[in-house]
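Comments concern the structure below.
Numbering (mature numbering (1 follows the signal peptide of the UniProt record, and there is no 0)), first residue to last: -23 to -1, 1 to 601.
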């Protein structure tokens, strides 16, 4: 889901072009030497200069080096909906040194922030009656909260500031705006960078729910599994196992793994490396009678399904008309709501878009999918973000997609890059959504550096090889110490080698939840161990505390583990099993896509150096 003074007299009100303002008519922010916020007045309907006037708010941040003229201006749209101008400091941090010689321009989408915000009292898209009430409240005005109009607001701000060209940086929903700006104002575009791209159709609209998008997101379970020998050894395919599990949960519901939560676990593996690392093995374990691993993955998802006001509510009213005006749906835009619903139901029945789940299982907690929200919304005005059949301009274009970002990932990045004569697509292996913001660990910082380099000096791009593949998917969750494969190395006997292996598995399982890549499972600071005990994610530190933590049922581990430098990890722990207690230290390289891990340390004061591979997969009923 994708959450969040006057114009120069020479403007052509059809919105085809706005020339840069003359020095005398430029907005006062154009000459500012520090951040400046302002507004301009624009028509609600750019095709009717006599229509109602609305304000458009913007923030202008001059380059940090004022000793020389600016090389250009970066126009940012980060995606979603919200008061972007209030987040100028965030964009300055994200863009960093790219703003040394370039100005930064941020424009609030019409209907949000400082751009004549709209609000429908009581709006909640989970309640269709509030959607109908909002449509009635906005009336004809609701037709003009759309990208084809809002992108003209952006261009008007550009002209009012006297900026001849911009470099457009768009992420997620901002890529819709980026493509719209490129197609509608090619003479005012210097370069473009798109991250997590939503491709536009030939008719200029986006597609709110493509049958291949979420289905492909589910199929991507195979992507993370195929790289791992332990995961590949599981019977059947990832899709087979998932389908079997979904059918079983429909027949025998599990309140700790509702299908809505399972769907989110599967889809969000690109946003959380722990989900990617464990989901295949957790599904296999559930089918084999061990529900604990999958219940643990579902736990941090459950609050997301119950959060009030999600995903579009009164405070985010503009998200509703934008969503309905910008996208094509499996129904006739001019049909009555009743006919639309019949068309939508028929489309879902003939081509289930999120199999093996139903649409309600995936979107029910949101009040339905985008198409469902828009069934009662009037869309009588043609409003494609990109003019139908428009050519994209010959400017430097970099389009970035994460391999595990369904619908806005590597496939979409390649397709959109091809539309620009000088377009380059970069795929981030195992990458998720919006990598360029730098908040998803080391790989995201790598992508952010690529973004900064391109924006500072647009031109040919060499793929730096940023990769989010920081793990190998595991193949099983052993239940007891006896099921753990012993470590190999010296000078341990078999019993000690099995103990070290189980202790390491417990510590590594806990510490991965503290990693920057654990964006979802890492939200719970006090977690239960898989089979008992607790693990505490230390606040503001790269460490985790284990308190009688049990990864296997008959071995309790207490102590501390932490990330150090260079992906190094260490642990000091005590273990207790039925017949012995031991003290261990462990040191290893972590967050690496390796099937075998080299671990050094001490066991009761005696040094060892061993190698640990994936656990042998538990026997799972064949799903073929």
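The beta-carbon is built from N, C-alpha and C at its ideal position, and this holds for glycine as well.
| query | result |
| --- | --- |
| Environment of residue 309 [buried if 16+ CB atoms lie within 10 Å] | exposed |
| Under 7 angstroms between C-beta atoms of residue 4 and residue 154 | no |
| Whether residue 51 touches residue 33 by CB criterion (7 angstroms) | no |
| Residue 35 beta carbon less than 7 angstroms from that of residue 143 | no |
| Any 3 or more C-beta pairs closer than 8 angstroms across the region 123 to 137 and the region 155 to 162 | yes |
| Extent of the continuous alpha helix (DSSP H) to which residue 540 belongs | That residue, residue 540, is in no alpha helix (DSSP H); its beta strand (DSSP E) goes 533 to 540. |
| Residue 189, DSSP secondary structure in three states | Since pLDDT at residue 189 reaches only 49, below the 50 mark, its modelled position is unreliable, and no value is offered. |
| Distance between residue 39 and residue 82 (C-alpha atoms, nearest Å) | 9 angstroms |
| First through last residue of the alpha helix (DSSP H) which encompasses residue 158 | 151 to 161 |
| Cα-Cα separation, residue 496 to residue 384 | 20 angstroms |
| Limits of the unbroken alpha helix (DSSP H) element including residue 201 | 198 to 203 |
| Chain-order list of residues whose beta-carbon lies under 6 angstroms from that of residue 297 (same chain, five-residue window excluded) | 289 |
| Residue from 358, 479, 539 with nearest C-alpha to residue 532 | 479 |
| Rounded distance between the beta-carbons of residue 261 and residue 218, thought under 8 angstroms | 6 angstroms |
| Among 443, 559, 439, 509, the one whose alpha carbon lies nearest that of residue 474 | 559 |
| Length of the line joining the Cα atoms of residue 595 and residue 460 | Confidence in residue 595 is poor, its pLDDT being 41 and thus under 50, which makes the residue's placement unreliable; the coordinate value appears in the next sentence. C-alpha separation (whole angstroms): 9 angstroms. |
| Within 7 angstroms, strictly: CB atoms of residue 149 and residue 411 | yes |
| Own chain, CB closer than 8 angstroms to residue 537, minus 5 neighbours either side, in chain order | 520, 521, 522, 523, 548, 549, 550 |
| Buried versus exposed call for residue -13 [16 or more other C-beta atoms within 10 Å across all chains shown] | Here residue -13 scores only 32 on pLDDT, less than 50, and its place in the model should not be relied on; the value that follows carries that caveat. So residue -13 ends up on the buried side. |
| Given 8 angstroms, three or more beta-carbon pairs between the region 446 to 464 and the region 422 to 436 | no |
| DSSP state of residue 24 mapped onto helix, strand, coil | coil |
| Cβ-Cβ distance between residue 237 and residue 68 below 7 angstroms | no |
| Cβ pair residue 510, residue 491 closer than 7 angstroms | no |
| Which of helix, strand or coil DSSP assigns to residue 231 | coil |
| Closest Cα partner of residue 569 within the set 447, 543, 518 | 447 |
| Environment of residue 581 [buried if 16+ CB atoms lie within 10 Å] | exposed |
| DSSP-derived helix/strand/coil call for residue 528 | coil |
| Assigned exposure category for residue 457 - 16 Cβ within 10 Å defines buried | exposed |
| Beta-carbon gap between residue 389 and residue 94 smaller than 7 angstroms | no |
| DSSP-derived helix/strand/coil call for residue 485 | helix |
| For residue 549, the residue or residues it bridges with in DSSP | 537, 562 |
| Residue 353 versus residue 101 - alpha carbon distance | 13 angstroms |
| Short Cβ contact (7 angstroms threshold) for residue 166 with residue 363 | no |
| For residue 515, the nearest candidate out of 233, 501, 507 (CA to CA) | 501 |
| Complete alpha helix (DSSP H) runs within the region 385 to 429 (minimum length 4 residues, chain order) | 387 to 394 |
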